[in-house]
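Colleague: Quick one: the structure is below, and I'll ask about it shortly.
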Amino acid sequence: MREGAGGGWVGFSPLVTRSKDLLSAAALAVFLAWFFSPILLGGKTVFYRDFTGLVYPVKFFIAQWYKAGVLPFWNPMAFNGEPLLAQMVPGVLYPLNLVFFLGDFTSAFNWFYVLQYAVLAFSTYGLLRCFKITAPSSLCASVTVVASGFFLSLSGVNTTFFSAVWFPATFLCAQRYLVDRKVLYFPLGAASLSMQILGGSPEVCAFAVLVLFVHAMYFVPEEGRWRERARRAAFLAVNVLAALGLTAPQLLPTYALIGESIRGAGLDFADHAVWSLQPSALTSLVLPEDLGRFLEREHVEKVHFHSIHAGLFAAFFMGAGILFRRDKAIRFWLALFGAGIFFALGKYNPLYKYFYDWIPLFQKFRYPEKFYLISAFSQVFLLGFGMDALAKDEREKALSLQGFFALLSIAAAAVLFAGLLQEEKNPAPSLVFLAAFGAGYFLYRSGKLRAEGLKALLLALVLADLLSRSAGILPLTDKSFYDGPPAAAREIGLDKDRFRVYTGKIHGNPEEITFPAGISVRQRQFVFKQRLLPYRGMIYGIEYPNGMLGNALQLNDPTLWAEVFEKSPPEKRLRMLKRGNVRYWIDGDAPPETAAEDPSIIADPPLRIFDDALQRAFLVPSARLGRDPQLLNTYYDPAFDPRAEVLLSEDPEDKSPPPPFAKGGRMGISASAPSVPLEPTSSTRMANERRRGQSESGHFAPGRSPGAEAESSPPCKGGRGDSPPVACPPGRVSIERYEPNRVVVRTRQDGGGFLVLLDAYFPGWTATVDGKPERILRANHFYRAVKLEAGEHVVEFSYVPAGFHAGLAVSGATAVLLLVSVAAILWRRRNP
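Take 4 as the starting number for the sequence shown in the numbering used here and just add one per residue.
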């Protein structure tokens with residue numbers, strides 16, 4: 004009994020094979036538990052980059068509303084509110100979110116993180132076994148996808164990570180239903196691809212489908228080749244359609260949202276290719292930079308992936324594949340590795356621009372470096388194939404000592420060259436591992452070491468290499484980092500009213516953050532926490548007028564607000580904030596300071612309070628009609644009083660769809676636009692005329708910015724928005740419920756007017772007044788308004804993303820059709 008050269012077990016009973024797999028699975032589980040023990044048992048949690056700045060706070064928000072029985076469609080805590088589910092990146096529907104129901108959030112989040120690697124590791128092992136790779140070689144590949152530099156740094160890029168971990172599982176299911184014709188793997192394949200989609204990265208899903216298709220077409224038997232290719236293509240197409248159907252509640256809202264995004268028109272090449280794989284980084288394939296304790300450094304280069312190193316032996320066997328090129332599988336993965344590098348180089352590859360110009364899909368996505376994911380998986384699979392090709396039971400068929408040591412010499416030379424090129428790289432450990440490998444192969448070819456012994460040595464060397472080189476890339480911190488709110492959050496939390504917080508500069512570049520001299524990368528993360536940067540403060544209930552524009556689909560209105568803010572002088576920036584419900588400013592202009600008694604302690608930044616900031620919801624007696632987005636010129640004019648009038652781009656009496664306006668950041672803000680005041684409601688007309696002392700005019704007042712007509716009468720004056728302005732119709736507003744998908748406001752006013760809610764205007768929001776549908780008006784361009792008559796009212800705003808209900812119907816129908824089809828096929832097979 005022996006293990007076949009191709010990797011299948013020849014002569015062994017299924018029981019023996021199953022025992023080997025169970026033993027490997029147990030070893031892999033022990034390794035995962037040990038490697039992540041600081042997270043699972045040691046009081047640590049994931050830290051740095053996307054996990055700290057985006058994933059943790061957004062998942063925290065999702066988890067809190069899950070537990071409250073609400074599926075959050077909307078995130079009210081950034082950009083005055085933004086779609087959450089439809090943006091895809093947050094992964095609201097990602098099934099592994101159910102882990103958040105277990106215990107406290109940080110502990111559940113740690114399990115959520117480790118579970119991704121468990122899926123990746125076990126599915127990689129299963130896929131390589133399906134490829135007829137031996138158990139030891141499959142185990143080497145599996146630990147590589149857990150502990151290598153690239154796959155650890157991949158977790159810092161949240162959406163790519165959550166989708167990528169399902170790639171081997173999707174591939175495994177496809178192999179089983181395409182090649183082995185196991186019917187049950189067809190719905191499992193659709194489910195796995197659905198997990199990739201719900202993970203949040205459409206690029207990774209596209210990579211997976213493309214690789215699956217090419218692999219299926221390439222590996223077909225010669226007999227009946229074209230017929231088999233047609234069968235496989237049809238099965239793959241149906242499986243992809245099934246996955247699209249199952250995820251329709253996600254995909255249809257995302258598709259509808261693209262129309263509100265600058266991505267709809269495509270990204271220009273500079274934005275698309277900003278993160279391309281630098282040619283100099285290719286030396287890291289064989290010798291990575293030493294990133295151990297990198298959080299204690301003062302500076303780390305900003306790159307998309309901190310490391311592209313998949314392990315010394317993954318690189319070795321990728322190079323060795325040239326010698327084993329007669330193996331069709333090795334040829335395939337070598338070609339795929341090269342294709343991934345070709346596209347990952349992006350702007351550094353002179354031919355890449357042609358693909359960007361010729362293939363429209365390229366223009367919808369960012370960062371060519373993501374293509375390296377294909378190369379990384381190719382190296383992992385080549386590690387498994389290469390180990391089996393090198394360590395054969397029949398030694399006479401193995402690579403000769405002369406050929407092996409020539410290959411080993413080339414690898415050592417490449418390691419030395421990379422070390423000489425960059426002084427911070429230490430080649431010594433890698434050379435030691437290669438020397439040990441050479442000694443083991445010599446013993447193997449001399450008959451003193453069996454193939455199993457050589458593979459066991461390789462497994463030990465792979466682990467030693469990965470742990471010595473890559474473990475430092477996994478940045479951890481104490482769990483208490485997230486739990487304790489900074490001083491600013493505690494003070495803001497004392498305010499019972501809903502106000503937003505701006506953190507950043509009023510003078511200078513709003514995106515720039517000034518740090519004390521000499522602080523480490525780890526300390527910078529504490530500065531980010533102290534300053535409550537957008538999204539990070541979500542776990543403390545902080546809401547923002549801005550956010551991260553580069554995150555997910557970059558929407559038109561947030562982009563417009565950010566560009567107007569950036570181009571405005573300081574006094575106008577202050578008005579923008581106050582008129583956007585910002586009462587608290589974490590002063591980014593103040594120079595950063597460290598504590599005199601301990602320079603490692605960074606002083607809290609000053610917290611400024613705007614007492615004249617507008618309330619979240621308030622009443623105004625009248626409205627004025629203008630054109631979007633030019634009416635922003637009037638809204639931010641110092642002479643305009645937003646509590647006296649609301650600026651509308653559509654007549655509230657006109658039930659036809661509003662006219663389109665120029666979308667995008669820079670278009671038409673300072674252009675003139677005709678406007679007319681709206682006729683006040685009858686119950687407030689006399690009071691307004693007495694206040695104005697003149698008839699309404701259709702002309703611009705001297706000294707006013709164009710965009711919406713300014714009146715020459717004095718505006719309503721008053722204190723904070725929670726008390727009615729003098730000389731305006733009295734009224735009261737109270738927010739009774741404020742949830743992601745629902746806002747309930749109770750009002751009382753003596754005259755008619757408008758309720759203004761300083762939350763983002765967005766398609767999908769509907770309103771009722773006392774239970775009757777009422778139109779939501781775009782107010783002051785960015786916000787919402789509802790027309791009200793005199794009296795007491797209950798106004799309810801509700802949000803459901805476009806396409807969600809249709810998506811549920813499609814998903815349900817797809818699931819039923821899939822299950823019925825599989826059941827019918829199984830029944831026919833059992834009852835021919």
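Ideal placement from N, C-alpha and C gives every residue a C-beta, glycine not left out.
Out of Arg-230, Asp-654, Cys-133, which one is the CA nearest neighbour of Tyr-188?
Modeller: The shortest Cα separation from Tyr-188 among Arg-230, Asp-654, Cys-133 belongs to Cys-133.
Colleague: Going by the beta-carbon positions, is the gap between Thr-750 and Val-772 smaller than 7 Å?
Modeller: Their beta carbons are not under 7 Å apart, which means Thr-750 does not touch Val-772 by this criterion.
Colleague: List the endpoints of the continuous beta strand (DSSP E) containing Ser-403.
Modeller: No beta strand (DSSP E) holds Ser-403; DSSP gives it neither H nor E.
Colleague: Hey, quick one: how far does the alpha helix (DSSP H) through Asp-468 stretch, first residue to last?
Modeller: Residues 454–473.
Colleague: Go through its chain and collect everything with a Cβ distance to Leu-535's Cβ below 7 Å, but skip five positions before and after it.
Modeller: These residues qualify, in order along the chain: Pro-489, Ala-491, Ala-492, Val-504, Thr-506, Ile-545, Ile-589.
Colleague: For Gly-9, which three-state DSSP category applies?
Modeller: With a pLDDT of 37 at Gly-9, under the threshold of 50, the modelled position of this residue cannot be trusted, and the question is left open.
Colleague: For Pro-1, does the three-state DSSP call read helix, strand or coil?
Modeller: What the structure shows of the chain is the stretch from 4 to 835, and residue 1 is not part of that stretch, so it cannot be assessed.
Colleague: Mind checking which residues open and close the alpha helix (DSSP H) that includes Gln-528?
Modeller: From DSSP, the alpha helix (DSSP H) with Gln-528 extends over 524–533.
Colleague: Under 7 Å, do Thr-175 and Ser-141 count as touching if we go by C-beta distance?
Modeller: First, the amino acid is wrong: residue 175 is Leu here, not Thr. No, Cβ-Cβ distance for Leu-175 and Ser-141 is not below 7 Å.
Colleague: By Cβ distance, which residues of its chain are closer than 8 Å to Glu-299, with the 5 residues on each side in sequence left out?
Modeller: Cβ within range, chain order: Ser-523, Val-524, Arg-525.
Colleague: Give the straight-line distance between the Cα atoms of Gly-248 and Val-289, rounded to the nearest whole angstrom.
Modeller: Answer to the nearest angstrom: the Cα atoms are 42 Å apart.
Colleague: By Cβ distance below 8 Å, which residues in the same chain neighbour Tyr-375 in space, the five residues on each side in sequence not counted?
Modeller: Taken in chain order, the residues that qualify are Phe-153, Leu-280, Phe-308, Ile-311, Gly-343, Ile-344, Ala-347.
Colleague: Drop a sphere of 10 angstroms on the beta-carbon of Gln-425, count the other beta-carbons inside from all chains shown, and report buried for 16 or more, exposed for fewer.
Modeller: Under this definition Gln-425 is an exposed residue.
Colleague: By how many angstroms is the C-alpha of Ala-782 removed from the C-alpha of Tyr-638?
Modeller: If I take the Cα positions, the gap works out to 10 Å.
Colleague: Just the Cα atoms here: how many angstroms apart are Pro-680 and Tyr-786?
Modeller: Residue placement at Pro-680 is poorly supported in this model, since its pLDDT is 48, which falls under 50; the coordinates are not used for a value here.
Colleague: Thinking just about the alpha-carbon of each residue, which of Leu-201, Ala-431, Glu-455 is nearest to the one in Asp-468?
Modeller: The shortest C-alpha separation from Asp-468 is found at Ala-431.
Colleague: For Arg-576 and Ile-261, what's the separation of their Cα atoms in angstroms?
Modeller: Answer to the nearest angstrom: the Cα atoms are 29 Å apart.
Colleague: Rounded to whole angstroms, what is the Cα-Cα separation between Asn-100 and Ala-66?
Modeller: Using only the alpha carbons, I get a separation of about 8 Å.
Colleague: Below 8 Å on the Cβ atoms is my guess for Pro-256 versus Ala-89; work out the distance and round it to an integer in Å.
Modeller: Rounded, the Cβ-Cβ distance is 4 Å, consistent with contact.
Colleague: Rounded to a whole number of angstroms, what is the C-alpha to C-alpha distance between Val-146 and Phe-34?
Modeller: Near 8 Å, if we compare the C-alpha coordinates of Phe-34 and Val-146.
Colleague: Given a cut-off of 7 Å on the beta-carbon distance, is the pair Gly-583 and Pro-548 in contact?
Modeller: For Gly-583 and Pro-548, yes; Cβs fall inside 7 Å.
Colleague: Within the same chain, show all residues whose beta-carbon is closer than 7 Å to that of Val-798, passing over the 5 residues directly before and after it, in chain order.
Modeller: Answer for Val-798: Val-748, Thr-750, Leu-758, Ala-770, Val-772, Val-789, listed in chain order.
Colleague: With a threshold of 16 other CB atoms inside 10 Å of the CB of Ile-828, please say whether the residue is buried or exposed.
Modeller: Label assigned to Ile-828: exposed.
Colleague: Skipping 5 residues on each side, what residues in its chain have a beta carbon closer than 7 Å to that of Thr-817?
Modeller: Same-chain partners within the cutoff: Ala-245, Gly-248, Leu-249.
Colleague: Mind checking whether Gln-253 and Leu-364 have CB atoms under 7 Å apart?
Modeller: Cβ distance not < 7 Å, so Gln-253 and Leu-364 don't count as in contact.
Colleague: DSSP on Gly-734, reduced to helix/strand/coil?
Modeller: Of the three classes helix, strand and coil, the one that applies to Gly-734 here is strand, per DSSP.
Colleague: Indicate whether Leu-460 and Gly-443 have their beta-carbon atoms separated by less than 7 Å.
Modeller: In contact: Leu-460 and Gly-443 (Cβ atoms closer than 7 Å).
Colleague: Please state the DSSP three-state secondary structure of His-796.
Modeller: Strand, per DSSP.
Colleague: At 3 residues or longer, what runs of the beta strand (DSSP E) sit wholly inside the segment 764–796?
Modeller: Segments of the beta strand (DSSP E) lying fully in the segment 764–796: 768–772, 775–777, 780–782, 786–791.
Colleague: Hey, out of Arg-833, Trp-830, Val-825, whose CA is closest to Val-241's CA?
Modeller: The residue with the shortest Cα to Cα distance from Val-241 is Val-825.
Colleague: Looking only at DSSP bridge pairs, what is Trp-588 linked to?
Modeller: According to DSSP, Trp-588 bridges with Tyr-505, Arg-611.
Colleague: In three-state DSSP terms, what is Thr-173?
Modeller: Residue state, collapsed to three classes: helix.
Colleague: Count the C-beta pairs between the segment 192–201 and the segment 167–174 that are closer than 8 Å, then say yes if the count reaches three, no if not.
Modeller: In short, these stretches touch, since the Cβ pair count reaches three.
Colleague: When the distance is taken between beta carbons, is Leu-386 closer than 7 Å to Phe-320?
Modeller: Contact: yes.
Colleague: Is Gly-668 helix, strand or coil when you go by DSSP?
Modeller: For Gly-668, the predicted structure reports a pLDDT of 38, less than 50, and the residue's modelled location is therefore unreliable. A value from the coordinates is still provided. Reduced to three states, the DSSP call for Gly-668 is coil.
Colleague: Please check the pair Leu-155 and Ile-476, which I expect to be a contact at CB under 8 Å, by giving their CB distance rounded to whole angstroms.
Modeller: Contact holds; Cβ gap of about 4 Å.
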